[in-house]
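In our numbering, the protein residues as written are -19 to 175.
Think of the CB as a built atom: it goes at the ideal place given N, C-alpha and C, for glycine as much as any other residue.
A short worksheet on the structure shown next.
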């Protein structure tokens, strides 16, 4: 197994560890969960960099890497549902759309077909990750006393229910729109791979 694939598998293994540490009623483990998530996210960047630099491209990597990404982000989204920061229905829409597109792309690779991804879809992914980092850092940092030297009132401002709600509504709408756009622009390729 190549190094990038080992890093991808590590990311998958770290995901449930992150979720458990994040959700348990233990301040220290909650704080460690932030570090675990950042390490897992870093492996995503590093395995991609290694694969491109040293041409470590493999069929297993093409299958595992996007799946590992969605497993990590989907788990993080659902963790925020459990702590009542995000609404379940919006998270479900985001996760179902992203998993559907990811599985379609994986099947397309198996059938030797590639799908076009728009700039807006890439932007959507960036918004999702920035939002997750934001929630993680603010929630763990302030609510779980990692930033105990900072006034707690900042947590109330940064985790304002309306701010979080409208940010998630924006991400959900963007995710739905890019999903529709993706299926529409790739409709002929989709027909081909299911012949």
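Measure how close the beta-carbons of residue 1 and residue 19 come, nearest whole angstrom, since I'm counting them as under 8 Å.
Contact doesn't hold; Cβ gap of about 12 Å is too wide.
Buried or exposed by the 16-neighbour rule on C-beta atoms within 10 Å, applied to residue 70:
Flag for residue 70 reads buried.
Using alpha carbons as the reference points, say which of 138, 175, -9 lies closest to residue 91.
Per the Cα distances, 175.
Find the nearest neighbour of residue 59 within the set 49, 4, 35, judged by alpha-carbon distance.
Among 49, 4, 35, the Cα nearest to that of residue 59 is on 4.
Taking 7 Å as the limit between beta carbons, can you name the residues of its chain near residue 51, skipping five residues before and five after?
Cβ within range, chain order: -8, -5.
Excluding the 5 residues preceding and the 5 following residue 43 in the sequence, name in chain order all residues of the same chain whose CB lies nearer than 6 Å to its CB.
Result list for residue 43: 86, in chain order.
Under the assumption that residue 41 contacts residue 56 (Cβ atoms under 8 Å), give the Cβ distance between them as a whole number of angstroms.
With 8 Å as the limit, residue 41 and residue 56 do not qualify as a contact, their Cβ atoms being about 22 Å apart.
Cα-Cα separation between residue 121 and residue 11, rounded to whole angstroms:
Going from the Cα of residue 121 to the Cα of residue 11 covers about 7 Å.
Look at residue 108 and residue 53 and say whether their C-beta atoms are less than 8 Å apart.
Against a cut-off of 8 Å, the Cβ pair of residue 53 and residue 108 comes out as a contact.
Looking only at its chain, what residues have a beta carbon closer than 6 Å to the beta carbon of residue -16, apart from the 5 residues adjacent to it on each side?
In its chain, beyond the 5 residues on either side, 27, 30, 31, 36, 41 have a beta carbon closer than 6 Å to the beta carbon of residue -16.
For residue 27, which of helix, strand or coil comes out of DSSP?
The answer is helix: DSSP assigns residue 27 an H, G or I state.
Residue 70, DSSP secondary structure in three states
Of the three classes helix, strand and coil, the one that applies to residue 70 here is helix, per DSSP.
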